[in-house]
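One structure is given below, encoded as structure tokens.
Residue numbers (our numbering): -1 to 162.
Below you can see the structure in the form of structure tokens.
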């Protein structure tokens, strides 16, 4: 990619990442109105910003000695990608994706509270109608869901770290 284009993309990613998700939600509520579409757009923009930055960092940290060795062996560009790039990036990409999923789950509650739909919207309805048992159920359900996701993601990361 030409340097000016790469620089422009990095600046765009930086701009996306500097704006908090709640601000994105408030901007998109104005465009789409309150609801699930606003939440999906907000989560997508925030995810693209963070994941892009993490992926770029992982790609920059590639061990080029492996690629040079494959080149010396006469590998085709496809083989270099298959055996030199993908194995180095897989664990990092999967770990980043799981981490962002966890963040999105937590942000969904906050975004719903400001009117962007999703889990938080139901929670706000229960809060406004003073159905405290339902509020408690939502909070407990979210905590259990986050714990389950954390356990599953820890297992996946452990398997990736040990090469299984």
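Virtual Cβ for every residue (Gly too), placed ideally from N, Cα, C.
The structure presented is a predicted model; accordingly, all values stated were derived computationally and were not measured.
Between the CA atoms of residue j and residue i - distance to the nearest angstrom
{"i": "residue 56", "j": "residue 158", "result": "15 Å"}
{"i": "residue 21", "j": "residue 110", "result": "13 Å"}
{"i": "residue 32", "j": "residue 114", "result": "5 Å"}
{"i": "residue 144", "j": "residue 153", "result": "14 Å"}
{"i": "residue 121", "j": "residue 133", "result": "6 Å"}
{"i": "residue 155", "j": "residue 100", "result": "14 Å"}
{"i": "residue 44", "j": "residue 13", "result": "11 Å"}
{"i": "residue 9", "j": "residue 39", "result": "20 Å"}
{"i": "residue 90", "j": "residue 53", "result": "8 Å"}
Start-to-end residues for the alpha helix (DSSP H) that takes in residue i
{"i": "residue 69", "result": "62 to 70"}
{"i": "residue 147", "result": "130 to 159"}
{"i": "residue 218", "result": "Because the chain is modelled from -1 through 162, residue 218 falls outside the range shown and cannot be assessed."}
{"i": "residue 33", "result": "Per DSSP, residue 33 belongs to no alpha helix (DSSP H) and is neither H nor E."}
{"i": "residue 83", "result": "Segment: none, residue 83 is in no alpha helix (DSSP H) and carries neither H nor E."}
{"i": "residue -1", "result": "Neither: residue -1 is in no alpha helix (DSSP H) and is coded neither H nor E."}
Residue environment, residue i, which counts as buried when at least 16 other CB atoms sit within 10 Å
{"i": "residue 106", "result": "buried"}
{"i": "residue 41", "result": "buried"}
{"i": "residue 76", "result": "exposed"}
{"i": "residue 4", "result": "exposed"}
{"i": "residue 127", "result": "exposed"}
{"i": "residue 27", "result": "buried"}
{"i": "residue 117", "result": "buried"}
{"i": "residue 119", "result": "buried"}
Residue i versus the options, residue with shortest Cα-Cα distance
{"i": "residue 102", "options": "47, 8 and 61", "result": "47"}
{"i": "residue 84", "options": "100, 71, 59 and 99", "result": "59"}
{"i": "residue 78", "options": "108, 113, 64 and 51", "result": "64"}
{"i": "residue 87", "options": "125, 6 and 61", "result": "61"}
{"i": "residue 49", "options": "123, 151, 92 and 0", "result": "92"}
heavy atom of the ligand ADP below 7 Å from residue i C-beta
{"i": "residue 128", "result": "No copy of the ligand ADP occurs in the structure displayed, which carries no ligand at all."}
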